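Notes follow the structure.
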Amino acid sequence: MIAPQHSEPLLYELSSPGRTGIILPALDVPQTSLPEEYLRPDLPLPEVSEIDVVRHFTRLSTLNYAIDTGIYPLGSCTMKYNPKINEDVARYPGFALLHPYQDESTVQGAIQLMYELQGYLAEIAGMHSVTLQPAAGAHGELTGMLVIRAYQRHIGQGQRTRVLVPDSAHGTNPATAAMCGFTVTGLATDARGNLSPEAVEQEMDETVAGLMLTNPSTLGLFEEHILEVAEIVHRRGGLIYCDGANMNAMLGIAKPGELGMDVLHYNQHKTFSTPHGGGGPGAGATAVVEKLAPFLPAPIAARRADGAYYWDSDQPLSIGRVRSFHGNFGNIVRGYAFIRAYGSNLRDISFNAVLNANYVQARLRGAYDLPYDRYCKHEVVFSGRRQAKLGVHTLDIAKRLIDYGIHPPTIYFPHIVPEAIMIEPTETESRESLDHMCEIFLKVAQEAADDPQVVLSAPHTAPVSRLDEVGAARRPNLRYFPEIVPVEAILTK
Ligand SMILES: *Cc1c(COP(=O)(O)O)cnc(C)c1O
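Start counting at 1 in the sequence shown, then tack on 1340, and there's your number in this note's numbering.
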């Protein structure tokens, strides 16, 4: 085994025998020793002073890049505006200390909040009903596709076992369809980045349960033939699942239900507050048109004629629960607070997100290849093909951005764009902040042409350089192994 690569000293390496960070009061009870079996000689604790510990952890905390310290242009992830006030709201004792087994009469406010949020999300989707149970976007997909499967079986169309998925889709789409027992048929995207009605027409027959569509697509482009595609799918007996992860491009501007979509999941942690990027928790509320409502997971928050709120479990056709209790309630509270704060100005979010992405497109189009040359929605996808010809790949560009204090964008996704560079500025970045980011992208493009070596060997300023990223995710090394001898100790022997 080799020592992990690090330039920051580990707390164990600051250890000095006998040094201590606390002063214990004099012993006023008889002294006894711990049972032998609880003592582990292989677990020495670092002997450090209080200030050693405080400085160590404070220094480590500054090594993390965060949305609170700079722009975070990861496309398809929407590391967006998470108002700090919503963190307070989600922690109100009246919300945070509830127990899901409490009697309905004691949690009227919570059920009311969920009932109203269901209504807002149905309105924004242009659909009839909403479940708040799913715990993530992919979980919303699973819920929605199970609803489609249940509906098709219910009307005697159980032979529909295929699902069409465009090649630009997020990987979760085909995975979801497969998990529901469907066979996936891929559809090629055309030269303008659209799903072509001809391709849909060709595949759409009585074996197809439906189509999974992302709008705007993961290319950041509005599906220009969406009405035609919806007409074809419906005429041939299929339903349309819309992946709504990109809803922040069209909030209050276009309703997926009015564009012919039958089911839609939201990524509440991408569109309606809740910081994400740390792996959760998420929320994937899923909306459906009227004829699919009976199949939604039960229970749904409901309101009686006398104004009392309750859990409605009277849904004989329901696919059943998809999650314990009532979903990730903290996310639900944040989303509610977010939507209420914006009110009818919600659409400004989308106007600004789209404006910012097109501004970045206009500023960088001379330096990076633009595979689909048209107005984009909330994110813009470039290709690093031109730089790749000089031997500098998209990964190198991403690493070089780190030297300039910019978080890299999403890279190599969507897969159909070679050397993809996907930038989502989000609606909250100012003109100055966008200009700063664009200047750096332009500088790195210049470096790739003039001094490729400096880009190829980046990052130069980060505490660690090029990592085995797959290894770090699959075999994380999260603890200190005292048996690992530091490299320096080996070298001085
Ligand atoms: C993020 C994303 C998903 C998956 O959502 P999770 O909440 O991460 O499960 C699905 N589709 C698209 C287009 C996405 O951007």
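Note that beta-carbon positions come from the ideal geometry of N, C-alpha and C, so glycine has one too.
Just so you know, these numbers come straight off a predicted model, no measurement behind them.
By the 10 Å Cβ neighbour count, where 16 or more other Cβ atoms means buried, how is residue i classified, buried or exposed?
| i | result |
| --- | --- |
| D1382 | exposed |
| H1800 | exposed |
| Y1378 | exposed |
| N1404 | exposed |
| R1644 | exposed |
| A1330 | Only positions 1341 to 1833 of the chain appear in the structure, and residue 1330 is not among them; the question remains open. |
| N1513 | buried |
| L1686 | buried |
| V1447 | buried |
| E1767 | buried |
| A1436 | exposed |
| H1479 | buried |
| L1453 | buried |
| K1610 | buried |
| E1538 | exposed |
| I1572 | buried |
In the structure shown, what three-state DSSP assignment does residue i receive?
| i | result |
| --- | --- |
| I1391 | helix |
| L1818 | coil |
| Y1606 | strand |
| V1810 | helix |
| G1449 | helix |
| P1506 | strand |
| A1343 | Reliability fails at A1343, whose pLDDT of 39 lies under 50, so the model's placement of it is uncertain and no value is given. |
| S1723 | strand |
| M1544 | coil |
| G1484 | helix |
| Y1352 | helix |
| N1763 | The sequence shown places Ile at residue 1763, rather than the Asn named in the question. Looking at I1763 - three-state DSSP - the assignment turns out to be strand. |
| C1582 | strand |
| G1496 | coil |
| L1599 | helix |
| T1501 | coil |
| A1552 | First, the amino acid is wrong: residue 1552 is Met here, not Ala. Here M1552 sits in strand by DSSP. |
| A1366 | coil |
| Y1460 | helix |
| L1414 | strand |
| D1530 | coil |
| I1756 | coil |
| T1768 | coil |
| A1627 | strand |
| A1707 | coil |
Contact defined as beta carbons within less than 8 Å: I believe residue i pairs with residue j. What is the distance between those atoms, to the nearest angstrom?
| i | j | result |
| --- | --- | --- |
| A1589 | V1694 | 6 Å |
| A1798 | D1743 | 5 Å |
| F1522 | V1540 | The pair is not a contact, with the Cβ atoms about 16 Å apart (cut-off 8 Å). |
| A1788 | I1756 | Not confirmed; about 23 Å, so no contact. |
| H1747 | L1414 | 7 Å |
| E1543 | L1567 | 18 Å between Cβ atoms; not a contact. |
| P1637 | G1660 | 6 Å |
| R1663 | P1474 | 7 Å |
| I1761 | T1734 | 6 Å |
| P1765 | V1700 | 5 Å |
| L1438 | I1672 | Actually they are not in contact, since the Cβ atoms of L1438 and I1672 sit about 12 Å apart, beyond 8 Å. |
| S1416 | T1750 | 6 Å |
| G1577 | E1546 | 6 Å |
| K1739 | R1680 | Between R1680 and K1739 the Cβ distance is about 41 Å, and since that is not below 8 Å, they are no contact. |
Short check: CB of residue i to CB of residue j, under 7 Å?
| i | j | result |
| --- | --- | --- |
| S1653 | P1639 | yes |
| R1674 | A1430 | yes |
| V1732 | V1794 | no |
| N1422 | S1613 | yes |
| G1624 | G1477 | yes |
| I1411 | E1769 | yes |
| Y1650 | E1444 | yes |
| A1697 | H1666 | no |
| G1358 | V1388 | no |
| T1516 | L1482 | yes |
| L1354 | D1392 | yes |
| D1709 | R1726 | yes |
| Y1491 | L1591 | no |
| G1811 | E1759 | no |
| A1641 | Y1455 | yes |
| V1548 | R1500 | yes |
Does residue i come within less than 7 Å of chain D when only Cβ atoms are used?
| i | result |
| --- | --- |
| S1684 | The structure shown has no chain D; it contains just one protein chain. |
Exercise. Taking one C-beta from the segment 1464 to 1483 and one from the segment 1619 to 1628 each time, how about it: are there three or more such pairs within less than 8 Å?
Worked result: yes
For this session: Spell out a yes or no on whether the segment 1551 to 1566 and the segment 1522 to 1537 are touching, meaning 3 or more CB-CB pairs, one atom from each, closer than 8 Å.
Result: yes
Exercise. Are the segment 1730 to 1749 and the segment 1509 to 1522 in contact at 8 Å, needing three or more beta carbon pairs?
Worked result: no
Exercise. Can we say the segment 1600 to 1607 touches the segment 1571 to 1585, given the rule of at least three CB pairs closer than 8 Å?
Worked result: yes
Exercise. Would you call the segment 1546 to 1554 and the segment 1504 to 1511 in contact, with 3 or more CB pairs under 8 Å?
Worked result: yes
For this session: Check whether the segment 1653 to 1663 touches the segment 1445 to 1464, taking contact to mean three or more Cβ pairs, one atom from each stretch, closer than 8 Å.
Result: no
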